[in-house]
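Asker: Numbering (this note's numbering), first residue to last: -9 to 625. Structure below; questions to follow.
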Amino acid sequence: MHMLQDAASPAHTREDPHLIRDGYEARIEEIRASADATLRARFEALLAAPSALPAISIFTLTGDPHAPDPVARLIDSDRYGGTAQSYATGAQAGLAEYTSGGYVSDDTIFLGFALPRRESLGPAFFDPPADTPGARRYFPKATDGDAVPHFVGEGALYERLLFRGQLVGGFVLDDKVYEDYATQLIPRAVDYSAGLLNYFFRSNFDFTLDVSSSDPQKRLLTISIPPDPAAETMDGTFTLYAEDRDGVRSPVSGAALTTALFRGALAQAVFTSVSDVRAYVLVFQGKLGNEQGAVTGKVRPLGPLVVALQATAEFAGEEQRTTVTEVDNASSLIVVERRSKDERQQRARGTFFSATTSDPGQHLKRVSLEFDPRVVGTPAARLFLDDVDVGVAWIRGASVVESPSRWEIRTDLPAFFAGAPGILVPNVPRFLVVETAEGIKIRTPLVWWRSASSLAETRGGRQSVTNCPPELQCEEVISLGTVLRGLVFFGDGNAEGRDTTSSGQRQPVTAAHTSVGFTPIGGVAGYGVGTIEQSADPSCFAGCTPAASCSTSTVGVFAQAGAAGAVWIKDEFSVSLARLVGVRNPANACTRPVAGQPTAPELPELRFRRDYLPAEQSRFQEFGVTPPEHEITLR
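This is how it looks when you write it as structure tokens:
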């Protein structure tokens, strides 16, 4: 792994000895270990930046006796031949090829290698602007690979050397350059490291451990390969290890098999149970597909899987109710009543659940709130476990609560959203994170109200502007409406590209990370994800009809109407419903609204059925647990 990550360092891939110090590595270490939270945040942002995993097709035998294994292609894919035409930046490129051909080190600036070339530089610019303290001229890289804004800087001797015709001298690398390099190199190093791990653990075999039907002290190990066309044959030795509470792994006597397992096949072994085991680990060593000497494994923790289930999200403050007379004159009266609740004050409640124990709390190690990473300042939300305030996180042994069974989150926000226009960041928690003593961590996405309001309007009066005959010129109308908006978190909260493809944004139900995990039920049942529905009677009470009754509705399930069609709104669910009833009377028989009219409707509930995302489903499947079915009520 270390060798692979070194391939993302220009000095390592360009034979630059850097005996004393390499500027790039020194700068990255400086911001990683800095006591300044702002600098550390820049490093953490680099680790979290989106990139691309290496292509699966890169893993082919090299034919090189010194490095025959397919993983060597992650470093050198043998595609780059030292020319601009052969240099590539995509998922088929070896990491060392990408780094060496696309970046320079302190002592190899346009020296010793065909790429990068001085000719790839774009027009120079000053940063900060010229004639300000610390101003330096920089040159971006515009061609031959990924663009880099600060590719090289102008050194003190640049002009003198340029005057003498030395076109490659006088350049330097500084912190701005190193950090621009890091924006490309660190995310790629992270993803190539993940690609290496994925390759080692790519086998899709599974194993189960059951009590023997003939001896309760014996365990039955069953190893299987699914009938998936992509499954590879595994020919070698499977060895079961037991991991104790200290993390020490030891082979289990009698639980080793040497066999060839083909697609759809299984093999079994019986062994004596081991006490005080935290997890079983099955390790395979042998031929995997066409690869000799492959090693892979799978971990089966024995502790229960514990998840947080949300039951409700409700307004905690008082209802606001206002009545306004908008028009009151000799001929007309219009009165409006509005009802709403303050979305800044809410509480969410739920329980902890495990399919294998009636007391999941005894297995909890930590429970915490997770906010949008862009939230600034101290979050105005508190976590309560069994009615005890634990702040934003609970850790076993650090609280009077020992084995919580219930949780509650209370918010009292100065503002529901923060951020700049167009970049609204919700201040409510996104996830409730549960971690067990066995190290199993589950993040439960939360549901909140965004807003809820209802309105009633009563109108009565002579409509002299109409062309209706006198016996139909008095319009008496009562209209009622509600507008409900829910804020629903799901997936990992990523909104900046993980669910975006070259052809646009993926549909929510097919996005692996953030497909919607909630289905509306109750009063809005039947509306699927991405629904945009508007219904109305545009001619309702138009013309000179003596009576009218009509309804309108607008429903948007994580979507809204756009000029080019539906636009996916990841976090929002909305319902708008209205109804109008009216009659026309003679102008001389107009009836003004009676006292107490109008009355705005009660704010209704919204209900969701909790579904599970593909990533969540796979986690439950990994531990052999069926996801619990439950509903969430917003009220």
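C-beta: ideal position from N, C-alpha, C; glycine also.
1. Rounded to a whole number of angstroms, what is the C-alpha to C-alpha distance between Asp318 and Gly572?
2. Starting from the C-beta of Ser344, find all residues in its chain whose C-beta is less than 6 Å away, skip the five residues before and the five after it, and write them out in chain order.
3. Quick one, are the C-beta atoms of Leu373 and Ala590 less than 8 Å apart?
4. Just tell me which of Pro618, Leu462, Phe610 and Arg599 has its CA closest to the CA of Leu624.
5. If you draw a straight line from the alpha carbon of Thr426 to that of Tyr602, how long is it in whole angstroms?
6. Assuming Ser263 and Gln207 are in contact, meaning their beta carbons sit under 8 Å apart, how far apart are those beta carbons, in whole angstroms?
7. Apart from the five residues on each side of it in sequence, which residues of its chain come closer than 8 Å, Cβ to Cβ, to Leu359?
8. Spatial neighbours of Ala74 within its chain, please: CB distance less than 7 Å, with the 5 preceding and 5 following residues excluded, ordered by chain position.
9. Run through DSSP, which three-state label would Thr341 get?
10. Got a sec? Which residues, its chain only, sit under 7 Å from Thr346 by beta carbon, not counting five neighbours each side?
11. Applying the criterion that 16 or more other CB atoms from any shown protein chain within 10 Å of the CB defines a buried residue, is Asn280 buried or exposed?
12. Under DSSP, the alpha helix (DSSP H) around Thr173 begins and ends at which residues?
13. Thinking C-alpha only, which one of Pro459, Arg329 and Gly340 is nearest Thr472?
14. Identify the continuous beta strand (DSSP E) that holds Phe421 and give its terminal residues.
15. Between the region 241 to 258 and the region -4 to 16, are three or more C-beta pairs nearer than 8 Å?
16. Assign His140 to one of three DSSP states: helix, strand, or coil.
17. At the level of alpha carbons, what is the spacing between Arg127 and Phe100?
18. Indicate whether the contact test is met: 3 or more Cβ pairs, each with one atom in the region 184 to 200 and one in the region 281 to 288, closer than 8 Å.
19. In whole angstroms, what is the alpha-carbon distance linking Asp6 and Gly340?
20. What is the DSSP secondary structure of Tyr270, counted as helix, strand or coil?
21. Using the C-alpha atoms, what's the distance from Arg334 back to Leu403?
22. Quick one: grab the DSSP three-state call for Gln75.
23. So, with DSSP's three-state summary, where would you put Gly91?
24. Around the C-beta of Glu466, are 16 or more other C-beta atoms found within 10 angstroms, so that it is buried, or is it exposed?
25. Looking only at C-alpha atoms, which of Asn417, Tyr77, Pro113 and Ala83 sits nearest to Ile48?
26. Secondary structure at Leu199, three-state DSSP: helix, strand or coil?
27. Classify Thr504 as helix, strand or coil using the three-state DSSP reduction.
28. How many angstroms separate the CA atom of Pro216 from the CA atom of Ala257?
29. Just curious, the alpha helix (DSSP H) that Asp(-4) is in, first and last residue?
30. Any contact of the region 168 to 188 with the region 264 to 273, i.e. 3+ C-beta pairs under 8 Å?
31. Excluding the 5 residues flanking Asp96 on each side, which residues of the same chain have their C-beta closer than 8 Å to its C-beta?
32. Hey, quick one: how far does the beta strand (DSSP E) through Leu648 stretch, first residue to last?
33. Can you have a look at Val238 and say buried or exposed, based on whether 16 or more other CB atoms are within 10 angstroms of its CB?
34. Looking at Ser183: is its Cβ nearer than 8 Å to the Cβ of Thr89?
35. Enumerate, from N- to C-terminal direction, the unbroken alpha helix (DSSP H) stretches of 4 or more residues contained entirely within the region 7 to 55.
36. Rounding to the nearest angstrom, what Cα-Cα distance links Leu199 and Val615 in this structure?
Answerer: Short version:
1. Counted from its first residue, the sequence shown places residue 318 at position 328. Counted from its first residue, the sequence shown places residue 572 at position 582. A straight-line Cα-Cα distance of about 19 Å links Asp318 and Gly572.
2. Numbered from 1 along the sequence shown, position 354 holds the residue referred to as residue 344. In its chain, beyond the 5 residues on either side, Pro294, Val296 and Pro350 have a beta carbon closer than 6 Å to the beta carbon of Ser344.
3. For the purposes of this step, residue 373 is taken as the residue at position 383 of the sequence shown. For the purposes of this step, residue 590 is taken as the residue at position 600 of the sequence shown. No; because the gap between Cβ atoms is not below 8 Å, this pair is not in contact.
4. In the sequence shown, counting from the first residue as 1, residue 624 sits at position 634. Nearest C-alpha to Leu624: Arg599.
5. Along the sequence shown, one-based indexing puts residue 426 at 436. Along the sequence shown, one-based indexing puts residue 602 at 612. When rounded, the separation of the alpha-carbon atoms in Thr426 and Tyr602 is 20 Å.
6. Walking along the sequence shown from the start, residue 263 turns up at place 273. Walking along the sequence shown from the start, residue 207 turns up at place 217. For Ser263 against Gln207, the beta-carbon gap comes to about 6 Å, under 8 Å, which counts as contact.
7. Reading the sequence shown from its first residue, position 369 is the one you call residue 359. These residues qualify, in order along the chain: Pro369, Ala371, Leu373, Val382, Ala383, Ile399, Pro419, Phe421, Leu422 and Val423.
8. Within the sequence shown, the letter at position 84 stands for residue 74. Around Ala74, the same chain offers Leu105 and Asp134 as residues with beta carbons nearer than 7 Å, after the five sequence neighbours per side are excluded.
9. To locate residue 341, count along the sequence shown from 1; it is residue 351. Looking at Thr341 - three-state DSSP - the assignment turns out to be strand.
10. Translated into positions along the sequence shown, residue 346 becomes position 356. The beta carbon of Thr346 sits closer than 7 Å to the beta carbons of Pro294 from its chain, once the five residues preceding and following it are set aside; these are given in chain order.
11. Looking up residue 280 in the sequence shown gives position 290. Exposed: under 16 other Cβ atoms inside 10 Å.
12. Here residue 173 refers to the residue found at position 183 when the sequence shown is read from its first residue. Thr173 -> alpha helix (DSSP H) spans Asp165 to Phe190.
13. Here residue 472 refers to the residue found at position 482 of the sequence shown. Taking only the C-alpha atoms, the option nearest Thr472 is Arg329.
14. Along the sequence shown, read from residue 1 onward, the residue named residue 421 stands at position 431. Here the beta strand (DSSP E) through Phe421 covers Phe421 to Thr426.
15. Taking 8 Å as the limit for Cβ pairs, the verdict is that the region -4 to 16 does not touch the region 241 to 258.
16. Within the sequence shown, residue 140 is the residue found at index 150, counting from 1. His140: strand per DSSP, three-state reduction.
17. Indexing the sequence shown from 1 puts residue 127 at position 137. Indexing the sequence shown from 1 puts residue 100 at position 110. Looking at the two C-alpha atoms, the distance is approximately 18 Å.
18. Yes, the region 184 to 200 is in contact with the region 281 to 288.
19. Here the question's residue 6 lines up with position 16 in the sequence shown. Here the question's residue 340 lines up with position 350 in the sequence shown. Straight across, the Cα-Cα distance linking Asp6 with Gly340 is about 58 Å.
20. Working through the sequence shown from its first residue, we reach residue 270 at position 280. Tyr270 falls in the strand class under three-state DSSP.
21. Counted from its first residue, the sequence shown places residue 403 at position 413. Counted from its first residue, the sequence shown places residue 334 at position 344. The alpha-carbon atoms of Leu403 and Arg334 are separated by roughly 5 Å.
22. Counting from one through the sequence shown, the residue named residue 75 turns up at place 85. Of the three classes helix, strand and coil, the one that applies to Gln75 here is coil, per DSSP.
23. If you number the sequence shown from 1, residue 91 lands on position 101. Reduced to three states, the DSSP call for Gly91 is helix.
24. In the sequence shown, residue 466 corresponds to position 476, counting from 1. Residue environment for Glu466: buried (at least 16 other C-beta atoms within 10 angstroms of its C-beta).
25. In the sequence shown, counting from the first residue as 1, residue 48 sits at position 58. Considering only alpha carbons, the answer is Ala83.
26. Here residue 199 corresponds to residue number 209 of the sequence shown, with the count starting at 1. Residue state for Leu199 is assigned as strand, using DSSP reduced to three classes.
27. Position 514 of the sequence shown, counted from the first residue, corresponds to residue 504. With a pLDDT of only 41 at Thr504, under 50, the local geometry of the prediction cannot be trusted, and the value read off the model is given with reservation. Collapsing the DSSP output to three states places Thr504 in coil.
28. Here residue 216 corresponds to residue number 226 of the sequence shown, with the count starting at 1. Here residue 257 corresponds to residue number 267 of the sequence shown, with the count starting at 1. Cα-Cα distance, rounded: 12 Å.
29. The residue you call residue -4 lines up with position 6 of the sequence shown. Taken as a continuous stretch (DSSP letters only), the alpha helix (DSSP H) holding Asp(-4) covers His(-8) to Asp(-4).
30. When C-beta atoms of the region 168 to 188 are compared with those of the region 264 to 273, fewer than three pairs fall below 8 Å, so the two segments do not count as touching.
31. In the sequence shown, the residue the question calls residue 96 occupies position 106. For Asp96, where only same-chain residues beyond five positions count, the Cβ hits under 8 Å are Ala1, Asp6, His8, Asp12, Gly13, Tyr14 and Leu163.
32. Because the chain is modelled from -9 through 625, residue 648 falls outside the range shown and cannot be assessed.
33. Taking the sequence shown and counting its residues from 1, one reaches residue 238 at position 248. Counting Cβ neighbours within 10 Å, Val238 comes out exposed, since fewer than 16 surround it.
34. In the sequence shown, counting from the first residue as 1, residue 183 sits at position 193. In the sequence shown, counting from the first residue as 1, residue 89 sits at position 99. Inclusion of Ser183 and Thr89 in the CB contact set at 8 Å is not warranted, their separation being larger than that value.
35. The region 7 to 55 contains these whole alpha helix (DSSP H) runs: 13 to 22 and 27 to 38.
36. Position 209 of the sequence shown, counted from the start, is the residue given in the question as residue 199. Position 625 of the sequence shown, counted from the start, is the residue given in the question as residue 615. Each residue's Cα considered, the two are about 14 Å apart.
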